[in-house]
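In full-length UniProt numbering, the protein residues as written are 1 to 380.
Positions of the beta carbon are idealized from the N, C-alpha and C atoms, including for glycine.
Predicted model, so just to flag it, every value in this text is computed and none were measured.
Accompanying notes for the structure given below.
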Amino acid sequence: MDLVLSGSTSNVEENQTVTVTFGGKTYTAKVDADGNWTATVPSADLAGLKDGDASVQVSVTNAHGNSASAGREYSVDATAPTVNIDTVTGDNVINGSEAAAGVDISGTTTAEVGQTVTVTLGGNSYTAQVQQGGVWSVNVPGTDLSALADNGYTVQASVSDAAGNPGSAGKAITLDTTPPTVSFNVVAGDDVINSVEHGQAQIVSGTATGASVGDKVVITIGSNQYTTTVDASGKWSVGVPASVISALTDGTVTLSATITDSAGNSSTQTHDVVVNTASVALTVNTLSGDDVINAAEAGASLVINGSSAQFASGTQVTITLNGKSYTATIQSDGSGQPPYRPPTWAPRPTARAEFLFRRRTAPGTAPRRRTPSAWTPPRR
């Protein structure tokens with residue numbers, strides 16, 4: 001931009017020449033009918049000026065040869081102020097808790113004390129005055145940050161010095177307020193730690209959603225904590241020593257898993273596991289009243305039944321007799337029975353049959369009970 005210099009004269013005729021010396025160069029102007037004059041300094045000449053104090057000299061001679069001169073001191077300040085933005089929230093990433101509390105954005109500038117710094121973020125503007133030492137700071141409220149979507153943003157800071165020279169700077173930041181989530185897999189196959197499993201180490205595992213490889217997962221079991229990380233498939237697992245498992249008492253144990261991402265967002269999930277170390281048992285009642293199947297009984301269905309302890313109602317029991325399997329369901333009173341019709345028996349001496357009972361699903365151990373029963377096969 002060109003610089004316009006102007007002034008006035010007295011007792012100088014119209015069209016007399018005014019000589020202006022500015023920045024080491026000479027410029028001329030004509031006196032108008034009112035004794036005023038105007039000279040223009042091209043922007044190209046201004047670019048060569050150095051910051052500092054200087055003076056402009058003006059001289060004129062009237063038609064009678066009388067001369068006059070004048071001067072004025074001025075300062076050159078063509079250097080734009082600098083402005084710097086400090087690291088935001090320590091890592092230039094605003095997580096959920098930081099966004100909720102509001103964030104301070106600060107920095108420094110070479111602009112004079114009292115000059116206004118304007119900061120923009122996400123379409124909103126905030127202002128601060130330059131303090132001693134050139135420092136400045138603005139607060140971005142949590143309400144403004146919560147209105148922004150998770151994404152990358154640029155913080156812009158601008159300031160002008162007392163001479164009107166503008167300066168600005170930008171800093172890239174990331175808004176990441178969404179925490180990952182974590183879930184548990186079934187523990188010990190059925191979320192029940194039975195008497196056998198109670199003396200063994202157990203694997204506690206699960207999956208993470210919205211997480212990145214390496215995100216930290218902390219598992220808490222009572223007063224014990226175990227730390228692991230999310231793998232490339234979004235899974236995690238920890239081994240819990242047998243000493244910790246065996247110290248658990250019967251009842252419901254609540255496990256917790258807390259996952260934290262690289263931005264510092266975290267979430268917690270709990271998972272209940274039942275510890276049941278009580279003794280369990282299956283018993284087989286006497287077959288046919290005397291553990292002997294006679295001829296009449298051989299032609300009818302055979303009822304095999306018994307009782308159980310520590311098994312839930314609805315648990316399935318498998319009975320194996322001479323290589324064939326039959327199923328029964330434990331009733332609310334702990335009993336169960338399947339119908340069984342044996343095949344036609346060939347005449348033979350007294351024999352022994354072995355019955356194998358096994359529960360299919362239930363809390364606690366899976367006991368087997370073999371009950372040998374003797375009978376005299378019916379003769380035909």
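Taking the alpha helix (DSSP H) that residue i falls in, what are its first and last residues?
i: Ser-168; result: Taken as a continuous stretch (DSSP letters only), Ser-168 belongs to no alpha helix (DSSP H), being part of the beta strand (DSSP E) at 166 to 175.
i: Ala-296; result: 295 to 298
i: Ser-43; result: 43 to 46
Starting from residue i, trace the beta strand (DSSP E) both ways and give me its first and last residue.
i: Ser-267; result: 266 to 275
i: Asp-104; result: 103 to 109
i: Glu-112; result: Neither: Glu-112 is in no beta strand (DSSP E) and is coded neither H nor E.
i: Asp-53; result: 52 to 61
i: Ser-137; result: 135 to 140
i: Ser-313; result: Segment: none, Ser-313 is in no beta strand (DSSP E) and carries neither H nor E.
i: Asn-151; result: 151 to 160
i: Ala-281; result: 281 to 284
i: Thr-178; result: First-last for Thr-178: undefined, no H or E at that position.
Does the Cβ of residue i have 16 or more other Cβ atoms within 10 Å, making it buried, or fewer, making it exposed?
i: Pro-347; result: A caution first: Pro-347 carries a pLDDT of 34, below 50, which makes its placement in the model too unreliable to give a value.
i: His-198; result: buried
i: Asn-15; result: exposed
i: Ile-259; result: buried
i: Glu-13; result: exposed
i: Asn-224; result: exposed
i: Ser-8; result: exposed
i: Ile-203; result: exposed
i: Asn-194; result: buried
i: Arg-359; result: Because the pLDDT of Arg-359 is 47, which lies under 50, any placement of that residue in the model is unreliable, and the number read from its coordinates should be weighed accordingly. It counts as buried.
i: Asn-95; result: buried
i: Gly-52; result: exposed
i: Ser-73; result: Here residue 73 turns out to be Glu, not Ser, going by the sequence shown. With fewer than 16 Cβ atoms within 10 Å of its Cβ, Glu-73 is classed as exposed.
i: Asp-104; result: exposed
i: Asp-215; result: buried
i: Ser-267; result: buried
i: Val-196; result: exposed
i: Met-1; result: exposed
i: Val-83; result: buried
i: Thr-109; result: buried
Relative to the C-alpha of residue i, which candidate in the options has its C-alpha closest?
i: Phe-311; options: Gly-170, Thr-277 and Asn-294; result: Thr-277
i: Ala-232; options: Ala-29, Gly-210 and Ser-243; result: Gly-210
i: Val-18; options: Gln-331, Thr-38 and Val-60; result: Val-60
i: Leu-3; options: Thr-228, Ala-78 and Ile-245; result: Ala-78
i: Ala-39; options: Leu-49, Lys-235 and Phe-22; result: Phe-22
i: Ile-245; options: Val-88, Lys-25 and Ala-188; result: Ala-188
i: Gly-123; options: Gly-48, Ala-172, Leu-148 and Lys-171; result: Leu-148
i: Gly-65; options: Gly-323, Ser-158, Asn-11 and Val-88; result: Asn-11
i: Val-253; options: Pro-241, His-271 and Ala-242; result: His-271
i: Thr-283; options: Ile-304, Ala-295, Glu-297 and Val-83; result: Ile-304
i: Tyr-153; options: Ala-298, Asn-139, Thr-143 and Val-93; result: Val-93
If residue i and residue j are in contact, beta carbons under 8 Å, what's the gap, nearest whole angstrom?
i: Thr-329; j: Gly-314; result: 6 Å
i: Asn-165; j: Ala-80; result: 4 Å
i: Asn-265; j: Thr-207; result: That belief does not hold up - the Cβ atoms of Asn-265 and Thr-207 are roughly 17 Å apart, past 8 Å.
i: Asp-150; j: Asp-176; result: 5 Å
i: Val-230; j: Val-218; result: So it is not a contact: roughly 12 Å between Cβ atoms.
i: Val-20; j: Val-76; result: The pair is not a contact, with the Cβ atoms about 16 Å apart (cut-off 8 Å).
i: Asp-261; j: Ser-212; result: 6 Å
i: Thr-228; j: Ser-237; result: 6 Å
i: Ser-325; j: Thr-318; result: 6 Å
i: Ala-169; j: Ile-85; result: 6 Å
i: Gln-156; j: Val-119; result: 7 Å
i: Ala-257; j: Val-192; result: The pair is not a contact, with the Cβ atoms about 19 Å apart (cut-off 8 Å).
Is residue i a contact residue of the ligand MN, with contact defined as CB to any heavy atom under 7 Å?
i: Gly-65; result: Judged by which ligands are present, the structure shown has none, so any question about the ligand MN falls away.
Start-end ranges of the alpha helix (DSSP H) lying completely within the stretch 204 to 260, minimum 4 residues: 242 to 246
Secondary structure, alpha helix (DSSP H): runs of 4+ residues fully inside the stretch 65 to 106: 96 to 101
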